[in-house]
Each structure stands twice: as C-alpha cells, then as structure tokens.
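Note that the protein sequences, when read in sequence, are chains A and B.
Using our numbering, read the first sequence as starting at 12 and increasing by one per residue.
Using our numbering, read the second sequence as starting at 12 and increasing by one per residue.
For glycine and all other residues, C-beta sits at the position ideal for the given N, C-alpha and C.
2 protein chains.
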Amino acid sequence: MRRIDNYQPVPGEENKQQEDNGGNMPPSDPSESIPMKTLYAADGSDLHPHFGPYFSDGKRRVDYVLAYQIQKPNTVRKPSPKFGENNFIRRLRRSISMRSSRAPLQPKEDPEITAQEHQTDYHEDDKRFRRDEYEENLLETGLELEKDEGSKIPGIGFLKIHAPWHVLCREAEFMKLKMPTKKVYDVKQGGNVVEKVRLFIHKVTAPLHPKVDVSHPHSVKSLSHPFSREKQHLFDLSDKNKFFDSTTRSSIVYEVLKRTRCTKAKYSMGITSLLANGVYVSGYPLHDGDIEGVNAVPNDRKLLYEEWASYSVFYKYQPIGLIRKYFGEKVGLYFAWLGVYTQMLIPAAIVGVIVFLYGCATVDENIPSMEICDPRNNVTMCPLCDQACSYWKLVTACGTARASHLFDNPATVFFSIFMALWAVLFMEHWKRRQMRLNYIWDLTGFGEEEEDHNRADYEFRVMQKSMRLENSPPKDEKVKLTCSDRLPAYMTTVVMMCLMISVTFAIVFGVILYRISIKAALHMSSYPAARSNIRATVKTTAAIINLIIIIIMDEIYAAIARWLTTLEVPKTDKSFEQRLIFKTFILKFVNAFTPIVYLAFFRGRLVGRPGKYLYVVGSYRMEECAHSGCLMELCIQLCITMLGKQLIQNNLFEIGIPKIKKLLRQRKSEMDTKQEEELNKTLRRHEKDHFLGPFIGLNPEYMEMIIQFGMVTLFVASFPLAPLFALLNNIIEIRLDAKKFVTELRRPIAAKAKDIGIWYNLLRGLSKVAVIVNAFVISFTSDFIPRLVYQYTYSPDGTLHGFTNHTLAFFNVSDFQPGTDPLEPMHLGYKVDMCRYKDYREPPWSTTPYDFSKEFWAILAARLAFVIVFQNVVMLMSDFVDWLIPDIPKDISLQMHKEKILMVELFMKEEQGKRLTMRERNTPQQPRSRPNSHTNCV
Amino acid sequence: MRRIDNYQPVPGEENKQQEDNGGNMPPSDPSESIPMKTLYAADGSDLHPHFGPYFSDGKRRVDYVLAYQIQKPNTVRKPSPKFGENNFIRRLRRSISMRSSRAPLQPKEDPEITAQEHQTDYHEDDKRFRRDEYEENLLETGLELEKDEGSKIPGIGFLKIHAPWHVLCREAEFMKLKMPTKKVYDVKQGGNVVEKVRLFIHKVTAPLHPKVDVSHPHSVKSLSHPFSREKQHLFDLSDKNKFFDSTTRSSIVYEVLKRTRCTKAKYSMGITSLLANGVYVSGYPLHDGDIEGVNAVPNDRKLLYEEWASYSVFYKYQPIGLIRKYFGEKVGLYFAWLGVYTQMLIPAAIVGVIVFLYGCATVDENIPSMEICDPRNNVTMCPLCDQACSYWKLVTACGTARASHLFDNPATVFFSIFMALWAVLFMEHWKRRQMRLNYIWDLTGFGEEEEDHNRADYEFRVMQKSMRLENSPPKDEKVKLTCSDRLPAYMTTVVMMCLMISVTFAIVFGVILYRISIKAALHMSSYPAARSNIRATVKTTAAIINLIIIIIMDEIYAAIARWLTTLEVPKTDKSFEQRLIFKTFILKFVNAFTPIVYLAFFRGRLVGRPGKYLYVVGSYRMEECAHSGCLMELCIQLCITMLGKQLIQNNLFEIGIPKIKKLLRQRKSEMDTKQEEELNKTLRRHEKDHFLGPFIGLNPEYMEMIIQFGMVTLFVASFPLAPLFALLNNIIEIRLDAKKFVTELRRPIAAKAKDIGIWYNLLRGLSKVAVIVNAFVISFTSDFIPRLVYQYTYSPDGTLHGFTNHTLAFFNVSDFQPGTDPLEPMHLGYKVDMCRYKDYREPPWSTTPYDFSKEFWAILAARLAFVIVFQNVVMLMSDFVDWLIPDIPKDISLQMHKEKILMVELFMKEEQGKRLTMRERNTPQQPRSRPNSHTNCV
C-alpha cells in the first residue's frame, strides 16, 4: 500500500523523491514487503475492483497470474501408469485426447496436462518449497505479489504479480523496448494527388473498416525511441499507469519470470521447468475484461469481440493494430498474413471462376469432344477390362469428354501461369505489408531474439546425464546432450518417418486396389443401372475414402511427429518448434498430396497396351484414365479433399471440440451449469481466465493454411475453382480463429516478431514447386500439348479436326493374349477385327507393330520442351517481379529516413541545450540545476 | 594550442574540469578560435612532426584534409568547350581518358576532373567565400582547422582538420559506434577435441599466416558496446589518443563534414557539392606513414605493404583484420570475399585438372573416336562447302574427334554437377565467413545506413527546376525530380541499351561472316598448306578477333553506362551506383558471353541438310561444327577469352595505366624527376597523399570478378580448366589490388558494411543460370545424350560400337540442288553415289526422305528430359545444401549469445551498484558523490 505514491504522475521535478523511493523499493527483507498474505482474505465484499484485474487494494494492476494446486485432502488420484514402459502410448493418447485439431503443434506443452502427468514425481511439500523460493526471488527483483488461496475454485491457489513503475522502467530499458516519444510528426503519403486518391479510397471503403478508435489520427505518428531512464524527458509520462499498456506490462513481467530461477533444489529451475513439473500448474496474463454481461465495461477485448471476432463483420478489414496491441506482434502478424492471403485470393478466385466459365461456354465448340460425341464417327474401342468387358463405342465417352473440357482447355494454361505469378505477387505484397507493419509497430531495428531458454525436458535429461557421469567433469565444461545421446532418437525419427511415408503410399495403393476391384466387380454384375454409373460411383467413393483416410492420418501423423520431436529432446522451444514443424509438414504434406500426385502423374501411364497389359496383385489390370485424360478425376479428388477437409476440420475440430473441452473443464470443477452461471458473475478475472484453454501457439493455424496454399497453387492447372473454395473457407477461418483467441483461450504473452519466420520459406518453397508441378500437369496430364502439336504439325487444315482419330492407335484383336479376349465379342452387334485404344503406337501392319510411333516421341519432346520453357519462363518472370517490386514500400522507406533525421535533430538540439546549460553553469552568476535529461527514475 | 589539455587522460574524476572545457569549446565568435592562419607560416624548419600526420604543433593529429586551388596569376586555362552542346562527347572522352580500366564504375566522380570541368562556372572569389563559410560552420561543430597555403605544391592549399576529444565522443555516440569495453571474455571454440584440432591446424598452417601483430590473443575478445558518454566508465580510456584509431577518427570527421552545409549561397551545398563544384578540389584522410625510405617508422601501412601488398607473400592468408582496421569494413569485406573465392577455387581447379586428365587418359579407349580414326571404316562424307569442297573421308576428322573427347566425356557431366554444388557451397561458405567477420568486427546489430546524401548533380538539377518554376510552390512541398523529368533520360537508356546489345549481336554476326568467308576463301585457294590448317587458323583468328572486340567494347560500354546513369540524375550515390552496376553488368555480360552462347547453342544447328542448306548473306552456307560437335571450339573460345582478358586487363590496365597516370600527375606539377625525388623526402604527409590517385570504389573490382565467376560456372561443362585459370589470375589479382590500395591510391574513408550487397545477389543469380546453361551444354552441345541413348537403346551389344555409323544419315548425291554439287566429284578417286552427313534423318529410300527420323525425336526427348532432371535435381541439391548449412556458424551464434548474456550481467551489476549507492546516499550519514556512470564528457 505504501508504494502507491509511485503512481502519482511525477515528471522530472520530483525525481529526487522518486529516486529515494526507487532506491528503497526492493528491500532485502521479504517480510517487510509482502503484505499479500494478510491482504487477500480481508476484502471479499468490496465489489468493483475485484472484477477488474487488480490487487485487492483495487489499485495495483495484476500483470501476470501463476496458478498452483493447493494440497487438498480429498484429491482423487488416478493410479499413475508406470513411467517409461508405456511412455509412448501414454504420450500418444495424451496427444490425441488433448487435440483441438491443432494441439499437436503447440510450441509449449499444455502445462496443465504435463503437470498432472508429473505430479507424482514431486511431493507437494517439495513443490511448496520451490514456490516459496521462487516467490522470494521474484520479490528480490522488485515485483510485487499477492496470493489468493481462498478462491472460488477449490484446490487452486493463485499468485498475482504486479510490476511497479521502477521495475517496468528498468526492464523496459533492458529489453530496449521502443516507446513512443512526445515528438510526433506528420506522415505524408506521397504527393498531393496520391494523398487525395488515398483519402478517396479510404472514404469509399469506410464501411469496410472496423469501428476501432485509433488514439492517433492516421496522418501523425510518434517518434519512437528505446526506453531509457536517462532519456525519460523524451517520453510522455503524464499518466504512468497508461504509459506501458497491459500487453507490455505482462510481457515485461514474463521477462522477469523467465530470468528468475530456483537454485536451491537439485537442479536450477526456470519458470518453464516449474510449470512443466507442476510446481505451478499454469501461468497467464489476464484478459482486459468481460465480453458481455453486467461487468462488461468497454475494453479492448470487448471491442475486439464486437468488431473482429464476429461473423457479422466478415466483410470488414481486420483491426490489425488493435489485435497487435492486445495479443502482441506475433499474433498480429498471423492475422495480418491471413488477411493478406484472403484478400489476394479474391482476384485469384474471380479469374478462376472466369476460366471455369470459359470452359463451360466453349464446351460446345470444342472439336475433340464434338468428334467423340458425333455418332457418325463409328469408332470401336478395345475393351476396358479382361474378359468381362467387351468392345465399346467411343461415342459413349461423350459425357466425360465434354466434362473434361471444363478443366482442360487453353484457359487453364493461362490460369496456371497467372497463379504462379499470383503466388509471387502474394509473397511480394506480404513482404511489403510486413515491412509496413514493422514500421507502424516500431519493429525496425528490432533484432530477432535468440530463444535462450532451455526446455524443461532438456534440463531434466541433462541433469540425468550429469548424475550418470560419476567422475564429474570440470565445472566450466558444461554437460550437454551430444549427438550420440540423441542418436537413438534420430534413428527412430528416420525410421518412423520412412515408415509413415510408406504407410501413406500403401494406403493410396490400397485405394487403387479398391477402385480396380470394385470396378471389376461392378463390370461383372449383370445389374445394368450399376454398370451405367460405374465410373461416377467408383470415383466418388474412392475420393471420399481418400478424404477420410487423409483426415484420420493427419491426426495420427501430428501425434507421431510430436512424439518423435519429444524423443529428440531439443534444447530450446524454438528448436523444438522447428523440428516439429519440419516433421509435421513433411508428413501432412505427403499425406495430403500423395493421392493427388498419383492421379495426376501415374494413373493411366503404367497401363501397358492391349495384348500386353500390366497386371498387379495377380490379375488386376492397372487402372486406365477416361478417354479424355485423368484431369477430370484429379479435379474431383481435389474438390472433395478441399471441401471435405475444410468442412470437417472447421466444423468438427475447431468449433466442436473446443466447446466440449470447455464444458469438460468446467464439469471437472464439479459445478452445476446453473450454479456455475451464477458464480460466473462473481468470479474474479483471474478465476475466469483459469477456465479458458491455454494458448498453444499459432503453428497449427499456419500449417493448415500452408496445406491449403499448396492445394491452391500446386494443382491449380487442373482445378481452377480451388482459389474460390479457399477464399470461402478463409473468410470463415479468420473469424473462427478470432473467436477462439478472444473468447476461448487465455491471453497469450505478447511475443515480438518481425516476420512470420519459417512459414514464409515454406510458402516460397511451395510456390517454386508449384511452377514445376503445374508445368507437368499441363504438359503430361492434360491433352494441351498433343492438341497443339496436332494442330500445327499433323493437321491437314490447321484445325483440330481429326485429332481424336490421330490419338487412337490400332489393335488387331487376334493379338490378344490368350484368355484376355472379351467373352462377348459380338456385344456391339458386329464382328470386330480391329479395335482402337488411346496411345501413340505403330499400327499392327507396320514393321515394328505396337512400338511407340514417331508421333509419340515428337509429342514427348514437345511436352518436355514445354516443361522446360514453362518452368524457366515462369521462374524468370517471378524473379523479375520479385526484383521489380521493392521489398520496402517507397513511402515507408522515406518515412523511416525522415524518422532517423528527426531523431538526429532531436539529439542535436538536446546536445546544444546541454552545452548551453553547461556554459551557463560555468559562468558563476547563475547556478542552475541540471537539466531534466539527467534525472533518474530509480 | 590551448586545447591540448584535452588529451591528458582524464577518466572520470576530473570530468568537472573537462566539462568546463567542453562547454567553452566551440565559441560563437570564430575569430577567437582560429589560430590557424597565424600558425602555418612560422614553422618550416621543425623537421620531425611534419612528416607525421600532425598539425604544425606536432601534437594534434590531422584527421582529414581538404585541398583547394589558390588563385594563381599565371594559371594557363584551356579554352573551355561549350557546355551542353557537346556534353556527351566530353563526358565520353573524359570517361575514357580517366580510365584505369575500372574507372567507369567509381561511385563518386573523380573530384579533380569534375572540378576542372566546373571551374569556369564559379569565380575564384565565390569559391573562397564558400570555403570561408564552410570552415566557419566546421568550427561551429567543434572541429579544429589549420590552413597550409605555402606548401611545396604550387597553387594548392590544404585545410587540415583535427577532431578534438569531445567532438569524437559526441559523434561516436551519435553514430552509435560500437567500441570495445574493458570487459574481455574467453572465446571458446567448441569442446576440448575441437579446440585441440583447431590449434593443431593453426600450428601447421602457421607459415601461411601473415606476420601481423594482433593486439588481443585469438582466444579473448572485448565486449563491445555502442559508445556513450554516459557509459564512459565501461571503456578503457587510459590512452585517449589511441581509443579511436585513425580510421575511426577520419570517418567521424567525414560524418561531420557531410552534415555541415553552406547555406548562404544560391543553394545549400554539402561537402559533395563543394567538391563537385571545385570549391575544394579533393578531400581525403591521410595515410598512416611512408612505406619505404628514411621516414618510414613502423606503421600499419608499412605492415600492410610488407605482409600483404607483395607478390612474395602470395601463398599466405590475407591480414583481413588489419585491412579492415586500415581501410574500413567495406574494403575488408571485398578482400575477404576475394580470398574466400580464391580459396574455394583451389578444390575446383584440382577437380577440373583431374577431369581434364581423365579425358586425356581415356582418349585411346574412346570407342567413337576409335571408330572415326579407323581407316577400315570407309565412310564417305558429304562436302563441307558448295562446289569448292568435295567429298571427304571421315578418317581425316580423327584428330578433332580425339581432341573433342578431352572435353566431352562423362567426367564433364560429373564436373558440371560438382561445380553447381561448388557454387552453392561457395555462397554458403561466404555467408558464414561474412557472419564470422560481422561478429569479430562487431557489426552485429549494425543496420545498413540509408545513404541520405543527395548527389551534387541532383541538387544542381533540382535547383534548376525550382528556378524554372516561377510560381514557387509552398515551402513544405519540396521540389524534386519526378519521373516525367527523367523520362527522356530513361528513354535514352532503353534505346541505347537495346542499341548496344544489337551492336554486340551484330559484331558476333560479323565474326561469323568473317569465319565463313575466310573459310570459303581458304578452301578455294590452291595452296595446300593453307587448306590443311584451315580449321585451326580460322578458329584461332576468330577467337582472337572476338577477344579484342570484347575488350574494346568493354571499355566503350562502361563509358556509355556511366554516361547514361549520369543522364538519369539519380538522387543519391547509392542509387547512382546501383543503376550504374545494373547497366554495366548487363552490357558487359552480354558482351562477354554472346560469342560463347552462340558457339554453344546456335552454331551448327541452323545448317540445314545436304541438298537444302541454309544460306545467309547471299550464298554463304551457315557454318557447321566439326564432326564431334562444337564443344572443342567453345573450349578454344573460352580459353582465349579468359586468358587474354585477364592478361591484358591485369597487365595493361591495372599495372600500366596507373603508373602512367601517376607519372603524368607529377609531371603536371612541373618538376624534374630528380628534383622531385629529393623533394619527395621533404614533402609532408598530406602533400604526398595529394599525388596519389583518388579512391574510386570497389565496384570495378567486383564487376571483373563477377564476369570471371560467370566464366568459371556458366560453361564449366565445356571447359574444365576454367577454375584453374581463374585461380592463377586471382592469386595475382589479390596482390595487385592490394598494391594499388596501399601504394597508388589515397586512403579511402572507412565505410561500414555488413555484406557485399548487390554482388551477392548477382553471384546467386549467376549460379542459378549456370545450372540451366550447363544442363543445355551437356545435353545439346555435347554428344553425351546421343551416346547414352545409343548405348542403352539401339546398340546391339550394349557398347558404343557402331555409334558413329548411327549418327550419320545417308544422302543421295543426285539430290544436290543444281549448282551446289562439288566441282571435283572424283576427288577421292572413286565415284560417290551416297555420302553421309551427321544428323538423324530418314534415308533417301524411306517414304519420307530426309525427314527427321524417329531416333531424332527420341534423342531430342532424352535431351530435354535430361535438362529437366539435371536442372531440378541440381536445384534441389543446392537448396538442400543451402538449408543444411546454417548461415551462422554454431560457435559464432553461441558466442553472440554469450556476449548478450555478459552484457545483461554487466548492466545488472551496474544496476545493483547504482541501487546500493542510492541507498547509501539516502541514509544521511554518508553522502557520497554520484558513481562514475553519471559522469559526462562534454
């Protein structure tokens, strides 16, 4: 209570007094300055301040909360399973059980669950002992604490932490936090005309902007400078309570928590170890306030809820500034990125739809499909399966041929070039946006901090190792895990990854077998309705099976990746995250794209030819494509995968499971719903937040988007509607994620970040691969090149007339292998001597019958040449666009320059002022006090 | 004189007195503090201090010198040409005349020449007026000046500038210069074993290390911190004269010079404008001392001369630390880069030689050349030219076939993959080296400074423009050059660039015509000796002509690029440099590589076939390749270009011209050689340096190396000895450049740089292009793919036997176009019905005679497939290597982390100390003075 005078706005003049205060503040005797235990019980009646995030004095803000378990006599303990033996199964189970579709990628383990797991390892007494030591150390650093063990949640105690002004100052200086100074300057965006256009656009799009108050008008920005107590006069400290906002305060406190360690126990423990070992069950900063209800005074969280985390504002821009202010830069960047991605999808979706419509419009003018559908072209085709099938008329493939044209027309070639450039433009646009945000958020000059915090697992293993080494090594040689320690884990990883990838391949092969066998069975059935819908049925069921398998395997792979990474015992969270992302990405990517790659590039290529088919697993012929290529099936597969995955993941995992989890967590604390609701009104902020889910990082969100980006870019040549589907999904996704962050999860510690890190590289890699994949899809999967070659080389009149005939090779039915000729050769009503099949081969009457013909090689050369040209031209264009668009927007670089000049000016002025003062002082007439610049806040 | 007391080492305690001094220092009345004019005349006899870089008091160091012309009554003025009209020709002439092979890329114009050009524009009085104002402003900033107008060089006055301690302190703080603190720490490089291995390697390579004293042992490094007067106690200020070394001092002074402006004249002028307008003719910091002779006391320059800039130490490492200390980071990075490049060339050269030797060793086992050389294969070939030539025996091509094998064997395929990976490894290695240097040089955290200084040309143009606008715009709307102002220049650039590129193409075409016509002429000549050496003669002369044209055009293009860039009036030096580099790179690259690209990819492809040849310019047949492909000729061309270019550029331009220039400069000051030598001994430092050439930037050096890197990587598949040649050249190049920097040029201002900037991107781009080019060279220029296809598809016994026959198509001599059949059909002694030519075409008896055969298409497909596979595999491998090797070496990142922790510890300790002091002060018994941390040096 006696320290509240710190909060009086005391700029400059009273600094003497302040220094006194500061000097005395963190006394070495803890008993002197812990009024907390005596405080928490007394004031349960004083209503208002308790709902705000304040200490019981109603004035000191709670900046961070650590929750711990109080020893309850009636705790029901499940029998703890043996450690080590079924470790894997437990972890796996845990990973699966705690899923909210994304949990496996969380950077930090859910501390509560970890705590429950570890809780048998440590005695309650031991824990209390550690807590006491840790809290004492915290007091040493100047933080102020208040305990709350009589909360309405039985068995849980809370340690509320408050950072007083001098600690904030000191830490802000250490962390080199850039804070706005008093000096503001005009942000001019280009010349008069540009400015006018900008204003006009702003006016037009006004309804799209969220109604979020901005403290500064857009045209003015404060000059920022790393906070320093020696330069206090630069900053506007008139309201010290508001100078550091709640986000900054809690990240400052977290910084102190990370630095503070328990050293008296067996081995030194930081906050991460304490959390992992269940000494504390959770730690979190508090939300700003309630979203709805009686206690909901206006606050940032409520504003976010209304203007951002709501489906009703789906058409609006996101209030990125406010998101960053509330959740920190890292979360802000994620949503900014998601916003840019979604925005960029709009033109892609529009062009995609146009391309699709072009396909629809030209379907009647397409000569190849007209030729196929023309019953006068009396083409007899070779049977599609052995024995059961018979010869068939090409005209029956009319429907597929027409449908194929929708996705296999010249416009798709244009569209895949367009999308390759779109991907580059998206990257560039994002880089510029990121740069702009960096400027607005004063991150320029902020160097990415090296994560220096060892993970609890790692520390535990190191301790184990150092205990194992009996002849302890010299002190300065620190024990660490070497490669040989990790070798078994690495081996496991490699083996498991290979195994998992082969499992994926096996599953795809299984689906192929399913398709082949079902098709054969249906062909053999005598029920005509079944036979007529054979293709559609098989395709659709196979695609759905694929989808279900993909979704299931996705979950399993995520759990396995997590387990493998844990085995490797990475040193830091950052390293853990990177390894996890790497593994998850590979597994999920292979899982999602193997069926598609098979369809695009392998299906129908390994068929053989009539009379010499390729057989798998006994007597199954490898499946062929429809007459007009596999593009149609690829398209169906992509469509079902994208739609299905998004629907199931969004609805089931992202909406359903969190709801259930929240329910369960509340149920666990043994309360009725009604009681609960009533209680909810009297619960204090930190108790309410305790019921929310822990923040588990952004990686799962990013991962989902990256896979989607892959779908949009990789096979866009075969499915021009992909951007549209992605767009629709993302519009929902943004608000869904927003809702989760605002209402379902505890507030995260504001993490600083300049960029989206590894994800950018993955995006870049994907967009590079996309160029090659699209080149191959166009040249090999579609009939684009054969058509082109025919038109310009073989066609007698320069049109596509005769193309269908040109693509069909002849087969002499007498050359069938014995036992494979159709059982009903007279199915069509006449005797067939010669049937046709789709390939470029020599006719039976040539000197080398059934060999690849010259046309085959010429077209192959053309296909390959197209790949080379496409790949290199698109890559060149991409690099050119990349080079053309400066990474830093012109106006931003100008303003950054201006800022620098202003800064120098400011200091020069100060310098002159100082010099003047000195001179005055030297002339003995007028002794003056030192200028403000030398005051100190400690 | 009265300010010398500043130099007494006064740490901490006496700061009161110092502040007094500092406060009084820059008085507003200039007359009070310019003792210079009265000083310079008096002391011509006091010998010693004059040779050192000191003021005439022998104590204050000269940190920078500005030279200017004194009005001489007897100056001989050349009639100045009219400005504007023949502007281009003058600039062109100037660019050419001032060349030292690299001048066109210098970032700043040679101020002397510019000055001479502009000198008619300003009156001498006007200049003096400006000088006076500028010097007054300099005094205002606290610098100390001394004039020297009675020097031994008539007509030139010198303004010597000294920065006193308080200015150094202030500016160092502004510039955030990182200075070493007192705190040192151990640099541990890995575990015990690693350390031992390192020491062992160091011991073994000891003779390779230059004998340069290092102040610190390698295992200890000072913690660095941005200099701040408030944190003075952190730094070791015991010897204030040495705390800032001469390099730092001069760059600090240059910083002040850049900031100071003349404002009283028509328009505000900075130092660049003053130099460009001839107000000062040159500005430079002084060299540390003499290299040889009586006055040569040990100094850094001498050390560099002995241990670096000498051919006798060519095998040693470069003393990069010392180079950086003397010339600054930018120059240091250039030489470090050159060193890494040269070092990396060693393995490439070795492998290249091995590949070459492999070719030599297997030449006798090569089946295709054996077949060609076997006289029993009685193959009659079609004539090589119309009429004059007759049929010939394939066996006569034996020599070429054997020679071709040297450069066209499977090992070259391996070698080009090797070199692609080598390029990536080189990049990675350099990135790591750069990072290491950044760490050692304390550049981590240093952000690239935006060049904020407008160029003189730009300011002049802006002034012109603002004067043209009669209705002057509002003050805050600054006049600047818009795109429309620059449009004519841009148009000129585009047109000129296209023109120049077409000129290059035209020249290459000219050389082709030369070759064709000479060959035809020689064929027709009856002199048998000429005919036998036809091929060799033509090839070699053509290559030499190409080389000469390349070298001449290089110079012209450089001048044109410079002129075009000047036309564009870029705003800053940085922008000027970038535009210039861009243009020069394109022109030089096209110039150097067009003939090679023609040889590799176009020659011999557009020939047509017997009976239907392609004719150019009337009746010249396009030239064919030798029977075994064009690789041999490509190789000769590359060899002559590389060797010739390097020899001529190194010897003539880099050694010869600077010598001549220096001679001319000294001649100009009208002195005999003998007199001069005598005088040389009595010349003072700044006078000696005046005779040296101005520093013109590193870009020409980089450009030369980039073109060489292109030669080494782009066509390495055809010339495996390229790395060897490059290596030999670079060993000389390093020492040559070193000599130039140490002895021939004035000392440059130390420029800070974290990386080699745009050059790295160019290298990266080149190494990407190299992959594609090599893929095409292997698959299209060499016979690798046809051999492979033959061996695995067509060969009856799986060997290459019969390959030669397979590559030859048949031609019926009756199908010759009338008038093109040989005049002497019986030349070989028998009647020829059917002759052979190298191509894959149908024989005359097929249904489609002379059409491309199926083999042609199959081989084409194989070639294209190889390109795709090669390009993507190599790119993937490169990316993988890139990803595998961390950009920051492990030990460096560990040490950087350690440094950060130490820094935090240091501050925490300081913080605690401060707190303790405060508390003591608050207890009234013991009032103590404030701790050192609050002392101020101003």
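Candidates the options: closest to residue i by CA position
i: Ala217 (chain A); options: A:Pro237, A:Leu179 and A:Pro330; result: A:Pro330
i: Leu436 (chain A); options: A:Phe918, A:Asp159, A:Met886 and A:Pro421; result: A:Met886
i: His177 (chain B); options: B:Glu157, B:Thr152, B:Lys187 and B:Leu188; result: B:Thr152
i: Ile561 (chain B); options: B:Ile529, B:Val514 and B:Tyr295; result: B:Val514
i: Asn252 (chain B); options: B:Cys384, B:Lys842 and B:Val73; result: B:Val73
i: Val473 (chain B); options: B:Val878, B:Thr407 and B:Ser279; result: B:Ser279
i: Lys656 (chain A); options: A:Phe863, A:Tyr861 and A:Ile563; result: A:Ile563
i: Val292 (chain B); options: B:Ile167, B:Ile717 and B:Asn823; result: B:Ile167
Within-8 Å CB hit, residue i to chain B
i: Arg13 (chain A); result: For Arg13 (chain A), the predicted structure reports a pLDDT of 39, less than 50, and the residue's modelled location is therefore unreliable. A value from the coordinates is still provided. Not one chain B Cβ lies under 8 Å of Arg13 (chain A).
i: Arg181 (chain A); result: yes
i: Ile879 (chain A); result: yes
i: Leu170 (chain A); result: no
i: Val892 (chain A); result: no
Short CB-CB distance (under 8 Å) between residue i and chain A
i: Asn883 (chain B); result: yes
i: Ile783 (chain B); result: yes
i: Leu875 (chain B); result: yes
i: Val723 (chain B); result: no
Within chain A, the residues that residue i reaches when beta carbons sit closer than 9 Å
i: Trp176 (chain B); result: Residues of chain A passing the Cβ test: none, with the nearest at roughly 15 Å.
i: Phe185 (chain B); result: Val915, Phe918, Met919 and Glu922
Distance between residue j and residue i (C-alpha atoms, nearest Å)
i: Ala554 (chain A); j: Val800 (chain B); result: 40 Å
i: Glu588 (chain B); j: Gly809 (chain A); result: 53 Å
i: Ser239 (chain A); j: Asn710 (chain B); result: 41 Å
i: His61 (chain A); j: Tyr295 (chain A); result: Low confidence applies to His61 (chain A): its pLDDT is 48, below 50, so where it sits in the model is not reliable, and the reading given next is rough at best. C-alpha separation (whole angstroms): 18 Å.
i: Asp137 (chain A); j: Lys763 (chain B); result: 55 Å
i: His701 (chain A); j: Ala78 (chain A); result: 8 Å
Contact set between residue i and chain A, taken where Cβ atoms lie within less than 7 Å
i: Trp868 (chain B); result: Lys865, Trp868, Ala869 and Ala872
Environment of residue i [buried if 16+ CB atoms lie within 10 Å]
i: Phe867 (chain A); result: buried
i: His220 (chain B); result: exposed
i: Gly830 (chain A); result: exposed
i: Gly69 (chain A); result: exposed
i: Met430 (chain B); result: buried
i: His638 (chain A); result: buried
Proximity test, Cβ basis, 8 Å: residue i and chain D
i: Glu241 (chain A); result: Here the protein chains are A and B, and chain D is not one of them.
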